[in-house]
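Notes follow once the structure below has been shown.
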């Protein structure tokens with residue numbers, strides 16, 4: 067699945083140079099200035115065994131369609147996990163995880179679906195993953211994480227809905243690393 071996503075990302079990025087908007091002189095003069103818009107974000111990372119809630123704030127550059135956000139994701143409940151320590155030692159804990167990350171994304175190739183402006187979306191969330199166990203002082207392994215994602219973004223009258231596949235490794239053998247990302251981004255001052 068990761069190979070397919072990587073090949074799809076390479077294919078889409080190879081088309082970028084050939085897709086150009088046709089602008090009039092009035093549009094060129096108004097679009098020549100760089101314009102950053104502040105953003106608010108609320109989303110979820112979900113698969114059949116786990117869910118993370120994600121929220122944050124950042125900025126979106128309207129000319130290059132490049133955005134960056136500082137996000138905080140967390141599991142809203144304690145999940146029962148099994149940690150394999152040795153050949154015959156398996157510990158079971160109730161775990162809560164958190165992730166503080168920087169989300170950088172790029173919107174590519176504008177097209178229309180049902181009179182809605184839609185873009186392909188490529189991005190990466192890099193940050194620090196940490197957590198705690200209920201009832202003990204022991205902590206799960208914390209560390210730096212890189213989580214790429216790819217999907218589509220729909221503009222719904224100033225609210226951008228992102229639907230994407232994300233590789234999210236939270237260091238659990240019992241939970242798959244594939245996640246589905248659903249995210250609402252509100253562009254302020256649009």
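Residue numbers (our numbering): 67 to 256.
Glycine included, C-beta positions come from ideal geometry on N, C-alpha and C.
Rounded to the nearest angstrom, the gap between the Cα atoms of residue 250 and residue 244 is 20 Å. By the 16-neighbour rule on beta-carbons within 10 angstroms, residue 126 is buried. Pairing residue 154 with residue 196, the inter-Cα distance amounts to about 26 Å. Apart from the 5 residues on each side of it in sequence, residue 247 sits with its Cβ closer than 6 Å to the Cβ of 111, 215, 230 and 232 in its chain, given in chain order.
For residue 120, the enclosing beta strand (DSSP E) stretches over residues 117-127. In this structure residue 178 is exposed. Its beta-carbon is surrounded by fewer than 16 other beta-carbon atoms within 10 angstroms. Distance from the CA of residue 134 to the CA of residue 124, rounded to the nearest whole angstrom, comes to 6 Å. A check of alpha carbon separations from residue 164 across 223, 193, 114 and 105 identifies 193 as the nearest. Between the segment 146-161 and the segment 174-190, the count of C-beta pairs closer than 8 Å stays below three; the two stretches do not touch.
Exclusion of the five residues before and after residue 137 leaves 120, 122, 167 and 169 as the residues of its chain whose Cβ lies within less than 6 Å of its Cβ. Secondary structure at residue 198: strand, using DSSP grouped into helix, strand and coil.
Excluding the 5 residues flanking it on each side, residue 144 has same chain C-beta neighbours closer than 7 Å at 160, 161, 162 and 200, in chain order. The C-beta distance from residue 131 to residue 173 rounds to 4 Å, short enough to meet the 8 Å contact threshold. In this structure, the beta-carbon distance from residue 218 to residue 187 falls below 8 Å.
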